[in-house]
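Visitor: Structure below; questions to follow.
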Ligand SMILES: Cc1cc2nc3c(=O)[nH]c(=O)nc-3n(C[C@H](O)[C@H](O)[C@H](O)COP(=O)(O)O)c2cc1C
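Residue numbers (this note's numbering): 463 to 596.
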């Protein structure tokens, strides 16, 4: 599902004539992040609030890169069944990126399972807010 709404996010950027690159999270390297104006991550949460395995490398790489004033956005899907752990990976990435000096371009977005029509509206607002920051 993360792929589905990341396509929606990049679509919103393209509508605004902003060049975007969509990458699988385990393909991203720190240089690409440093070279970009904006960096948006779309993830899911696994196993009682854990980071998905494929995001761990990037999560750890953030410790070695300077995100000072980099505009970032974080969105993720989860399942409300997991209560306090709902979309915990979103919170983990947000905390890490804040600690590294990043500027959160819009309040992180948490989506329950498949995005509803309302969620797509929220994604549009999320991207609009981020775009307004640069
Ligand atoms: C074993 C397992 C553990 C999960 N743990 C969590 C969790 O702790 N928190 C959460 O919000 N979602 C959790 N989820 C839900 C997934 O994040 C959810 O399936 C996904 O975000 C929705 O995408 P999908 O439609 O591709 O499944 C878990 C799912 C599975 C299968």
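Positions of the beta carbon are idealized from the N, C-alpha and C atoms, including for glycine.
Computed from a predicted structure; not experimentally measured.
Return yes when at least one heavy atom of ligand 1 lies under 7 Å from the C-beta of residue 576, else no.
Guide: Flag set: Cβ of residue 576 near ligand 1.
Visitor: If you scan the segment 502 to 560 from start to end, which runs of the beta strand (DSSP E) of 3 or more residues do you find wholly inside it?
Guide: Runs of the beta strand (DSSP E) inside the segment 502 to 560: 533 to 540.
Visitor: For residue 556, which residues of its own chain have a beta-carbon under 6 Å away from its beta-carbon, when the five flanking residues on both sides are left out?
Guide: Counting only Cβ-Cβ distances below 6 Å, and skipping sequence neighbours, we find 536, 570.
Visitor: In the DSSP assignment, what residue or residues form a beta bridge with residue 480?
Guide: Bridge partners of residue 480: none, in fact.
Visitor: Would you report the Cα separation of residue 530 and residue 496, rounded to the nearest angstrom?
Guide: Cα to Cα, the separation comes out at about 10 Å.
Visitor: Where does the unbroken beta strand (DSSP E) through residue 572 begin, and where does it stop?
Guide: Note, residue 572: beta strand (DSSP E), 571 to 574.
Visitor: Comparing alpha-carbon positions, which option in 508, 518, 526, 469 lies nearest residue 563?
Guide: Here the closest residue by C-alpha is 526.
Visitor: For the alpha helix (DSSP H) that residue 586 lies in, which residues bound it at each end?
Guide: Residue 586 -> alpha helix (DSSP H) spans 579 to 593.
Visitor: Give the DSSP-derived three-state secondary structure of residue 500 in the structure shown.
Guide: Strand at residue 500.
Visitor: Taking only heavy atoms of ligand 1 into account, decide whether any of them is closer than 7 Å to the Cβ of residue 517.
Guide: Flag unset: Cβ of residue 517 not near ligand 1.
Visitor: May I ask you to check if the CB of residue 550 is nearer than 7 Å to at least one heavy atom of ligand 1?
Guide: It does: the Cβ of residue 550 is within 7 Å (strictly closer) of some heavy atom of ligand 1.
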